[in-house]
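Each number in the working numbering corresponds to the 1-based position in the sequence shown with 22 added.
Yeah, the Cβ is synthetic: ideal placement off N, Cα and C, and Gly gets one too.
One structure is given below, encoded as structure tokens.
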Amino acid sequence: VDEHIEILDALRAGDPDATADLVEAHVRSFDRQVRDALMQRLGSPLVS
23 VDEHIEILDA
33 LRAGDPDATA
43 DLVEAHVRSF
53 DRQVRDALMQ
63 RLGSPLVS
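This is how it looks when you write it as structure tokens:
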């Protein structure tokens, strides 16, 4: 939620560069969390 607030603040401030950076960081963070959860649940795809 904190990340969403920061993104909204950057949008309201009219700062497209900060908004883009924050959105990218948010998406990367979410992707990392999903991948970590999958690895814990399913294990590494590289292990036979």
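Annotation: P67 is outside any alpha helix (DSSP H) and is labelled neither H nor E by DSSP.
In the three-state scheme derived from DSSP, where H, G and I count as helix and E and B as strand, A32 is classed as helix. Rounded to the nearest whole angstrom, the CA to CA distance from V45 to P38 is 10 Å. When rounded, the separation of the alpha-carbon atoms in Q55 and D24 is 16 Å. Here I27 is actually not in contact with H48; their C-beta atoms are around 11 Å apart, not less than 8 Å.
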